[in-house]
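Each remark here refers to the structure printed beneath this line.
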């Protein structure tokens, strides 16, 4: 059960990192965090492999990408 929480924590951290880097390049980027795991005491480090799910939408709400291909957007 704890490894699942660790994986979820790493997913959130990687998503935030990627989105922050993108924000530095594009001022119009908006990031919405849907959930943050409770009790995450392990942090990702250089060399860790991370996975996460995402949905990419335009400012008008149009979905342009998703890590879950059947996800409603």
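Numbering (mature numbering (1 follows the signal peptide of the UniProt record, and there is no 0)), first residue to last: -24 to -1, 1 to 49.
Glycine residues also receive a C-beta, built at the ideal position from the N, C-alpha and C atoms.
Everything numeric in this text was worked out from a predicted model, so none of it was measured.
Beta-carbon spacing of residue i, residue j below 8 Å
{"i": "residue -15", "j": "residue 11", "result": "no"}
{"i": "residue 43", "j": "residue 30", "result": "yes"}
{"i": "residue 18", "j": "residue 40", "result": "no"}
Cβ-Cβ separation, residue j to residue i (assumed contact under 8 Å), whole Å
{"i": "residue 28", "j": "residue -6", "result": "Between residue -6 and residue 28 the Cβ distance is about 11 Å, and since that is not below 8 Å, they are no contact."}
Helix, strand or coil at residue i [DSSP, three-state]
{"i": "residue -20", "result": "helix"}
{"i": "residue 33", "result": "strand"}
Option nearest residue i by Cα separation, candidates the options
{"i": "residue 7", "options": "-13, 24 and 13", "result": "-13"}
{"i": "residue 96", "options": "45, 15 and 14", "result": "Nothing in the structure corresponds to residue 96, since the chain is present only between -24 and 49."}
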